Amino acid sequence: MRILNWLLVIAGICGLMGVRILEDRIFYDPFLEYFHEANKNIAFPGFEWGKLIVGHFFRFILNLIFSCLIIQCLFKNRQWTVQGALLITIIFVITFPIYLYCIYDRFDIGYLFSFYMRRFVIQPLALLLIVPMFYYRKQLDKSV
């Protein structure tokens, strides 16, 4: 059973990597190339609001599923998995409207600020904070 859990953790990590690797094929995001160039002077790309929002929500759902798989298999605690999902969702709910405002403002609010807001929207960065937090919590539970 322990091997199965580690295989599922690896599957979750591979899923997150797959989302990243296939991002240009499975998501509508005209800003991939814009930020990939790392040039503030490149022309602002044309886009469709509806397709962009749906694409980001789809990506968020995939990242959330793979992140929850990792959390559940690492800690085997459904309550913690729900808490992790809630934290990831809260971060998305906070950062996504800010990122959409950055797009609306054509990144005049700041190129780097917009770049990092986008990172919080499209990448599961919260997982990098949640896993160590739950590991520490697990260690505290063991010591009590």
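The opening position of the sequence shown corresponds to residue 12 in this note's numbering, with each subsequent residue numbered one higher. Glycine included, every Cβ here is placed at the ideal spot set by N, Cα and C. Since the model is a prediction, treat every value here as computed from it, not as a measurement.
Asked: Inter-residue CB distance, I82 and P135 (contact presumed, cutoff 8 Å); Found: Rounded, the Cβ-Cβ distance is 11 Å, inconsistent with contact.
Asked: F42 and R129 closer than 8 Å at C-beta; Found: yes
Asked: V20 - DSSP class collapsed to helix/strand/coil; Found: helix
Asked: Rounded separation between L138 and Q94 - CA only; Found: 12 Å
Asked: Close Cβ partners of I76 (< 8 Å) along its chain, the five nearest in sequence each way excluded; Found: G26
Asked: Inter-residue Cα distance where the pair is L73 and L33; Found: 12 Å
Asked: G57 (DSSP reduced to helix, strand or coil); Found: coil
Asked: Sequence-distant residues of the same chain with beta carbon closer than 7 Å to Y45, five excluded per side; Found: I53 and P56
Asked: When T92, L85, F103 and E48 are compared against F69, the one with the closest alpha-carbon; Found: F103
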